[in-house]
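> Note that full-length UniProt numbering has the sequence shown beginning at 1, numbered continuously upward.
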Amino acid sequence: MKYSIVKVCTKEQPVTVSISSDEKPNISEIMVKKWHDIIDLLSLTIKVPSALIMRLEEKNIEVFLASNTKDNPYKIKEKAELISGLYCETVVGNKSCLLVPNALKDPLWRENPDIKLNMISYLGLPILWADGEVFGTLCILDNKENHYNNQYIKLMELLKDSIEKDLQLIFEEERLKKELENRKIAEQKLRESETRYRELFNNMRSAVVIYDVKDEGNKFIFADLNKSTELIEKIDKVDIVGKDIEECFSGASEMGLLKIMKEVWKTGTAHYLGPTFYEDNKINGWRENYYIYKLNSEQVVVIYDDISEKIEYQKIINENERLICEKIEYDKVRNEFFANISHELRTPLNVILSALQLIELKQSELNHSNGFMVKYSKIMKQNCFRLVRLINNIIEMTKINTDYFEIHFQNIDIVALTREITASVTEYISNREVKLSFYSEIEKSIASLDPDKIETILLNLLSNAVKFTEPGDSIAVTISKRNEWIVISVKDTGSGIPEDKLQVIFERFRQVDKSLTRNHEGSGIGLSLVKALVEKHNGKISVQSDYGKGSEFIVELPDVFLSDELIKPNTVKYNLDNDRIKKINIEFSDIYSL
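(1) Buried or exposed: where does L44 fall if 16 or more other Cβ atoms within 10 Å of its Cβ makes it buried?
(2) Do N72 and H36 have their C-beta atoms within less than 9 Å of each other?
(3) Return the residue from the list P498, W485 and V17 that minimises the CA-CA distance to G539.
(4) Hey, could you find the ends of the beta strand (DSSP E) S18 is sitting in?
(5) Below 8 Å on the Cβ atoms is my contact criterion, and I expect E462 with V490 to pass it. Report the Cβ-Cβ distance as a whole number of Å.
(6) With a cut-off of 8 Å, do at least 3 Cβ pairs link the stretch 286-295 to the stretch 303-316?
(7) By the 10 Å Cβ neighbour count, where 16 or more other Cβ atoms means buried, how is A447 classified, buried or exposed?
(8) Starting from W35, follow the alpha helix (DSSP H) in both directions and report where the run begins and ends.
(9) Quick check on the DSSP output: the alpha helix (DSSP H) that includes F201 runs from which residue to which?
(10) Flag this pair as touching only if the stretch 82-94 and the stretch 3-17 have three or more C-beta atom pairs under 8 Å; answer yes or no.
(11) Does the distance from the C-beta atom of T10 to that of L108 stay below 9 Å?
(12) Could you give the first and the last residue of the continuous alpha helix (DSSP H) run that contains I488?
(13) Considering only their Cβ atoms, is the gap separating I317 from V208 smaller than 9 Å?
(14) Do L42 and M119 have their C-beta atoms within less than 9 Å of each other?
(15) Skipping 5 residues on each side, what residues in its chain have a beta carbon closer than 8 Å to that of K144?
(16) Is it buried or exposed, F277, if we count other Cβ atoms within 10 angstroms and call 16 or more buried?
(17) Take the Cβ of L516 as the centre, count every other Cβ of all protein chains shown within 10 Å, and call the residue buried at 16 or more, exposed below.
(18) What does the Cβ neighbour count give for A51, buried or exposed, with the cut at 16 atoms within 10 Å?
(19) Measure the C-alpha to C-alpha separation of L246 and D215 and round it to an integer number of angstroms.
(20) Exposed or buried, what is E12 when buried is set at 16 or more other beta-carbons lying within 10 Å of its beta-carbon?
(21) Below 8 Å, how does it come out for the stretch 72-83 and the stretch 172-188: are there three or more Cβ pairs, yes or no?
(22) List, from N- to C-terminal side, the beta strand (DSSP E) runs of 3 residues or more that fit wholly inside the stretch 41-124.
(23) Which residues in the same chain as G526 place their Cβ atom closer than 6 Å to its Cβ, once the five residues preceding and following it in sequence are excluded?
(24) Using the C-alpha atoms, what's the distance from M54 back to L159?
(25) Would you say F438 touches the ligand SAH, meaning its beta carbon is less than 8 Å from a heavy atom?
(26) Let me make sure I understand the geometry here. Which of N60, N94 and K95 has the alpha-carbon closest to that of residue 595?
(27) Are the CB atoms of F438 and V477 within a distance shorter than 9 Å?
(28) Would you kindly report the start and end of the unbroken beta strand (DSSP E) that includes P558?
(29) Along the alpha helix (DSSP H) that carries L532, what are the first and last residues, could you check?
(30) Where in the stretch 414-491 do unbroken runs of the beta strand (DSSP E), each at least 3 residues long, occur, reported from the N-terminal end onward?
(31) My assumption, with CB atoms under 8 Å, is that I429 sits in contact with L436. Please give the rounded CB distance.
(32) With 16 other CB atoms within 10 Å as the buried threshold, where does residue 607 fall?
(33) So who's on the other strand from G136, going by DSSP bridges?
(34) If you measure between the beta carbons of L533 and I488, is that distance less than 9 Å?
(35) Reducing DSSP to helix, strand and coil, say where K266 ends up.
(36) Could you tell me the alpha carbon to alpha carbon distance between N202 and N218, rounded to whole angstroms?
Here you go:
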């Protein structure tokens, strides 16, 4: 909204006038020409030099149109400042007709600016828009005194009415034009909304069905349905739209859906239905999240989800959980059994071993040997060691499986430890005419390890290598560094491992050779224990084998050490004492010739 402040000659204070705002339409060229013809005719009829249509602005009043007369001093688009006492200011301020016969004789108009143009008489009327806002004035001016008779005044009023009707027509046309544009915009938005609705409708994962209601709620006719409904119910929209629900889904009444739909249609209150099993002669399955509500169009909408697969998946999950619980319980019972039986077996074995040691001692004191006694004492002792080895391995694996296993890390020289362990079994292996060698690419390497567990790993791998070598074969133990890893390799030129066994040799109770003619024994626990011990050191173990040519077991251990201990490489001394000899005897007890 815009306003002008004008000076009215009969009032002391300026008057505020509402003028045409920016939203007002423009005057067309056709209308401008028509108005120009009117004022030209007006000036000729009344015989005055000036006939004008003035347009009011915020701070000025503009000559919108001026008659094409000889002595007309006013030019189109000329502007005069407001608050200067112009004739037209009083007309728009009072919104009424103004007649000034001779300004020179009228004290109110003696200072009027138009006198400078020798325009001393004036007759003007306000021109208003249809909403009452001021457009401007229609006026005539003369350079001589003129009282303008009533006929001229009536003519001016008729022309004013004509111009205002034109403005009203322009205003109405603009309003209709905007209304049409707004309607087009609204229709476009409606089409876009319908497109979005249709896309949403068709892409919803839930089934959505819209029903027309007939026969006072006794018939529900398919009006529309989305793609999810077609997939869930295995139907085609083309085949079902226009049909009654009971014609297509005979089980709807039995499951209580029809009753709920009728109640929703009658009351207008939405209803929720929980998980329900639907079945008829064509389909069956679980449905859930039924939401039934009524539209303003009297249609009823049913939304639901298919949970048949979800139910089946849940059954599978429940069954798997049951099997897992059974497996956990089974493993627990089995581990407890192995732990108990291992401890129970160890006691009589220790008694037998003690008795054998006593027999050996007595034989030494008597300084004679009975060949029969020596032979079978050795067999008894070797098989006792085999049982001790089996029991020890079972106990270790049981501890690992039940999280009772402990690793006692020390900062040790892994090179020195490996050399000592290899040297300790040299005599045993050379007795089989197998060559054993040791080589290290590094002089020493201090790492955080459990020396007892490393000894178990190496003795197990060496024992395993001996089992699959023949006289003339060789076993090589090497140490190297690879990035942040210490790599220990135990490589032999023995019989090797079949390719189909490479993936399972680290599993418990797996054996490469199960034949009755093999020259060694074993439970199949050793390598699985080795793998577990390596992993407890945050390491890894792998095997490479060329069947018939030999195998290589590669142990990789992290090259790290304890930060809170002083590194003393010579602290640990590995002596070939009786305990070491006994441990070697136990680890190599599966080889018959020892």
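Backbone N, C-alpha and C fix where the C-beta goes; we use that ideal spot for every residue, glycine too. Here the structure is a predicted model, which is why all the values come from computation and not from measurement.
In terms of the structure at hand:
(1) exposed
(2) no
(3) W485
(4) V15 to I19
(5) First, the amino acid is wrong: residue 462 is Leu here, not Glu. Indeed they touch by this definition, with Cβ atoms about 6 Å apart.
(6) yes
(7) buried
(8) E29 to I46
(9) N150 to N203
(10) yes
(11) yes
(12) Here I488 belongs to no alpha helix (DSSP H); instead the beta strand (DSSP E) covers W485 to D492.
(13) no
(14) no
(15) I120 and S121
(16) exposed
(17) With a pLDDT of 34 at L516, under the threshold of 50, the predicted position of this residue should be treated as unreliable, and no value is reported.
(18) buried
(19) One point to set straight first is that residue 246 is Glu, not Leu, in the sequence displayed. Cα to Cα, E246 sits roughly 14 Å from D215.
(20) exposed
(21) no
(22) 50-56, 60-66, 79-81 and 98-100
(23) N460
(24) 14 Å
(25) Annotation note on the ligand SAH: not contained in the displayed structure, which lists no ligands.
(26) Lying outside 1 to 594, the shown extent of the chain, residue 595 is not represented and no answer is given.
(27) yes
(28) G550 to P558
(29) The residue asked about is misnamed: residue 532 is Ala in this sequence, not Leu. That run of the alpha helix (DSSP H) goes G526 to K536.
(30) 435-440, 446-449 and 474-482
(31) 5 Å
(32) As displayed, the chain neither begins before 1 nor continues past 594, which places residue 607 out of reach and without an answer.
(33) R55 and I127
(34) no
(35) helix
(36) 28 Å
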